[in-house]
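Written out below as structure tokens is the structure these notes cover.
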Amino acid sequence: MSTFNETIVVPPSGDWQLQLPVQLAGTREKIELLQDGQIKSTLNDVLFGDVWLCSGQSNMGLKVRKAANPERTAKQGEEYPIRIMEVARNSTVHAEKTLKQAIPWSQASIKSLPNFSSVCWEFAKTIYQATERPLGLVHSSWGGTTIEDWISHTYLAAAGEDDEVLDTLSLYAAEPETAIANLVQATEKWADENDKGIRAEWYQPDHKESRSWSAISLPAVWERTTIKELANFNGVIWFRRTFTISAKDTEKPAVLRLGRINERDTVWINGQLIGQTFEPNLQREYLLPSGSLQAGENTIVIRVIDERGSGGFSDYPNRFGIFAPGQELTSLRGQWHYKISASAKSIAPPPIVPWMAPRGYTTLYNGMISPLGNITLKGVVWYQGESNTGYAQRYEKLLPTLIQNWRAQFQDNELPFVIAQLPGFGNYSDRAGFSRWAELREAQYKAAEQDPHVGLAVLIDRGMNDDPHPSHKQEPGKRMAIEALKLAYDKSLPSSPYPVSVDRKGESLIVKYPSEVKLKAMGADVAIGFQICTVNEACEFRSGRVKDNVVQIPSAAKNITHIKYAWQDMPIVNLYGIEGLPAAPFNLRVNKQ
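Heads up: the sequence shown begins at 31 in our numbering, then just goes up one per residue.
In structure tokens, the structure reads:
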């Protein structure tokens, strides 16, 4: 590092910033801070290199210690000049300047690396191996989050999305009690229209039909039970059980503890409304009003609303029962009974709670991106989208909005973005046609296709049908790094093959890839995973013969208008470029002859 002297006048706030001239990449540098000619602080072992921001939801957040080969990976940390920092979870309705850190800036090591993002680390490792430039990694993610929570209020409003929701958010920022009261009222109206349990008064202790409710052991996340009808269920479920309290204990101040509940809950005891919570991350603790407990038998009823992902009760010690100071009055662990009120697919969604992560609006941008200020980044790696499946059209608009938003903050209109395209997830299916996950992947593709400074890492073959969080992050990280090396380091590297045209030749369809692409079908003589479709979306599966850069699909009727590839939540695919990258999913029209 060259010698550099600069004088800074520090304002009363204590906030100051110094921009150094461009430095050569290097390690083990030193920065001295002087006041009145005296050294006040020395920063040793400083690296000069490239800083990458890794963000998104749970697949970005999956830690090294929970990924494959955690011990081996953790031992690699000190082999590389890579520094890591993790932004602490922070959801707030106001844009903040103070950065909260879960992992402060530190050398990647066997101590710090196990709690860091696995895929971000694997990405950086590949970047360093290709460039030998020191790296700084900023990890800022939150599992289960939607893209709306990572965009600022200004940019969401400019996108023309959700004016009413943003108005509610502004009201909460100014008058939280009024906003919450409005939400409670809106939720009651929604329940009257969509929840038959409310209309039938399932919360009453003498509800006769409750005798036919099904048994379940709580606390439990219902997808993890062996109850078939609750596997992958999203919607409204009611739970109830009885418990006994002595006359003496009814006179004690009591609190009901239920741990965390995904996602919203409303609680009644003996028909009396006790309370409700709209945020999944909060520990449920309800102070019981005087007289709500009665000597002898009592009935507790809980309604849980789960829109997506896992639903139910997380298990916490000493967090599932009724407690008085210094003692547990009664445990609520064990057998309950439940009844499904409505599937999420059959009813309107409940009112949005825009100030609450992980399904909020702007709050994570405010608390986890805004505090980064205008630090100089080499680029951004974005692994998110699972929580937005089913809303691909919105996502197609909001992903470029996020990119524009972050580029403005970091003062770089060409800041490289690498998008991790969603891998496969869900049950294998022999049904062709509609797929929410495929549509979300298409929205991600369009964001990359329309912007020369955005790359797409295709991960379609890296998913698992029974787990949305594949533990093997080395290959996804490597593929993200390939895109970053092309965008930010001017490296000439292959991409996942994507067709340039689909033409008809007699009764066959010819899917043509770029001339430089060489295709191969792994483990078979033909490529599978194609669908030929009519204008009415009547689709059927087809396989095709592979030769050089062409796949030939036989027996395509004249009414076939478009062709899809890997167009399922969890497709089975075997088409690759000769370099080993999978062919990208697509949905293309057949050119007219």
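Don't be surprised by glycine CBs; every beta carbon is placed ideally from N, CA and C.
Same chain, Cβ closer than 7 Å to residue i, five either side skipped, listed in chain order
i: Val652; result: In the structure as shown, the chain begins at 31 and stops at 623. Residue 652 is therefore absent and cannot be evaluated.
i: Ser538; result: Gln582, Ile583, Pro584, Ala586
i: Ala189; result: Lys427, Leu428, Thr431
i: Pro544; result: Val530, Asn579
i: Pro15; result: Here the chain has residues from 31 to 623 only, and residue 15 is not among them.
i: Lys476; result: Glu426
i: Glu36; result: Leu48
Of the listed residues the options, nearest to residue i (C-alpha basis)
i: Ser88; options: Trp82, Arg229, Lys96; result: Lys96
i: Tyr368; options: Trp232, Pro500, Gly397; result: Trp232
i: Leu303; options: Glu207, His592, Thr329; result: Thr329
i: Ser417; options: Arg389, Lys427, Val541; result: Arg389
i: His169; options: Arg229, Leu517, Val411; result: Val411
i: Gly227; options: Gly265, Asn621, Val214; result: Gly265
i: Val297; options: Leu318, Gln561, Gly56; result: Leu318
i: Thr564; options: Val576, Asn589, Ala551; result: Asn589
i: Ile352; options: Ile299, Arg241, Asn311, Ala374; result: Ile299
i: Gly574; options: Ala568, Arg509, Ala511, Val603; result: Val603
i: Arg119; options: Leu186, Arg163, Ser171; result: Ser171
i: Ser136; options: Ile114, Glu513, Asn99; result: Ile114
i: Leu549; options: Gly610, Glu108, Ile377; result: Gly610
i: Leu50; options: Val40, Phe78, Lys258, Gly44; result: Phe78
i: Ser501; options: Ala98, Lys282, Asp75, Asn74; result: Ala98
i: Lys127; options: Tyr425, Met398, Leu312; result: Met398
i: Ala125; options: Ser400, Ile490, Ala284, Thr184; result: Ser400
i: Leu129; options: Val117, Glu239, Ser322; result: Val117
i: Val488; options: Ser465, Phe464, Ile449; result: Ile449
i: Gln423; options: Gln451, Glu472, Ala230; result: Glu472
i: Gly493; options: Ala514, Asn443, Arg437, Gln451; result: Gln451
i: Asp279; options: Gln215, Ile177, Pro310, Leu359; result: Leu359
i: Pro524; options: Ala374, Arg229, Lys508; result: Lys508
i: Lys105; options: Ser142, Glu570, Val556; result: Ser142
i: Arg241; options: Trp46, Ile69, Thr272; result: Thr272
i: Ala614; options: Asp491, Ala511, Gln561, Pro42; result: Asp491
Rounded Cβ spacing between residue i and residue j (contact assumed at less than 8 Å)
i: Val94; j: Pro144; result: 5 Å
i: Gly559; j: Leu605; result: 7 Å
i: Ala468; j: Gln598; result: 6 Å
i: Ser121; j: Thr307; result: That belief does not hold up - the Cβ atoms of Ser121 and Thr307 are roughly 15 Å apart, past 8 Å.
i: Arg314; j: Ile291; result: 6 Å
i: Pro612; j: Gly454; result: Contact flag wrong, Cβ pair sits at about 11 Å.
i: Asn404; j: Phe440; result: 6 Å
i: Tyr391; j: Leu186; result: 7 Å
i: Ala325; j: Ser361; result: With 8 Å as the limit, Ala325 and Ser361 do not qualify as a contact, their Cβ atoms being about 18 Å apart.
i: Gly86; j: Gln474; result: Actually they do not touch by this definition, with Cβ atoms about 12 Å apart.
i: Gly301; j: Tyr316; result: Not quite, the Cβ-Cβ distance comes to about 15 Å (not below 8 Å), so this is no contact.
i: Ser371; j: Asp225; result: 5 Å
i: Ala211; j: Val123; result: That belief does not hold up - the Cβ atoms of Ala211 and Val123 are roughly 17 Å apart, past 8 Å.
Own chain partners of residue i with C-beta closer than 6 Å, once the 5 adjacent residues on each side are dropped
i: Ala154; result: Ile112, Leu165, Leu167
i: Arg349; result: Arg287, Gly289
i: Pro446; result: Gly409, His483, Leu517, Ala518
i: Cys150; result: Cys84, Leu167, His169
i: Phe269; result: Ile332, Trp366, Tyr368
i: Lys503; result: Ala97, Ser148, Val149, Glu152
i: Val76; result: Glu59, Ile61
i: Arg163; result: Ala55, Gly79, Asp80
i: Val541; result: Pro529, Val532, Val581
i: Ser344; result: Gly289, Arg290
i: Ala511; result: Phe153, Thr156, Ile157
i: Ala160; result: Leu515
i: Thr176; result: Arg389, Ser417, Asn418
Proximity test, Cβ basis, 7 Å: residue i and chain B
i: Pro498; result: Looking for chain B here will not work: only one protein chain is present.
Cβ shell of residue i (< 8 Å), same chain only, five flanking positions each side left out
i: Glu253; result: Leu260, Ala261, Asn262, Phe263, Ser340, Gly341, Gly342
i: Asp481; result: Pro430, Ile433, Phe447
i: Phe34; result: Leu50, Pro51
i: Asp295; result: Leu288, Gln306, Thr307, Arg314, Ile332, Arg333, Val334, Ile335
Run through the stretch 562-606 for me and flag every whole beta strand (DSSP E) of 3 or more residues, listed as ranges in chain order. Here the runs fully enclosed are 569-577, 580-583, 590-595.
Which ranges does the alpha helix (DSSP H) cover as unbroken runs of at least 4 residues, wholly within the stretch 56-135, from first to last along the chain? Counting whole runs of 4 or more residues, the stretch 56-135 contains the alpha helix (DSSP H) stretches 88-91, 100-106.
Hey, is the stretch 371-390 in contact with the stretch 195-213, meaning 3+ C-beta pairs nearer than 8 Å? At 8 Å Cβ cutoff, the stretches touch.
Take every Cβ of the stretch 242-250, pair it with every Cβ of the stretch 360-376, and state whether three or more of those distances are shorter than 8 Å. The stretch 242-250 is in contact with the stretch 360-376.
Along the chain, which unbroken stretches of the alpha helix (DSSP H) at least 4 residues long are found entirely within the stretch 154-205? With a minimum length of 4 residues, the continuous alpha helix (DSSP H) runs that stay inside the stretch 154-205 are 183-188, 193-204.
Does the stretch 457-468 come close enough to the stretch 207-220 to have 3 or more Cβ pairs within less than 8 Å? With the cut-off at 8 Å, the stretch 457-468 and the stretch 207-220 do not touch.
Cβ contact check for the stretch 489-502 and the stretch 56-73: 3 or more pairs under 8 Å: By the Cβ rule, the stretch 489-502 does not count as touching the stretch 56-73, because fewer than three pairs are nearer than 8 Å.
Return the chain-ordered ranges of every alpha helix (DSSP H) run that is complete within the stretch 354-427 and spans a minimum of 4 residues. List check, alpha helix (DSSP H) in window: nothing returned.
Report the start-end ranges of each alpha helix (DSSP H) in the stretch 461-506 that is 4 residues or longer and not cut off at the edges. Fully enclosed alpha helix (DSSP H) runs of 4 or longer: 466-479.
Taking only runs that begin and end inside the stretch 214-270, name each unbroken beta strand (DSSP E) of 3 or more residues, in chain order. The beta strand (DSSP E) runs of length 3 or more contained entirely in the stretch 214-270 are, from start to end of the chain, 244-248.
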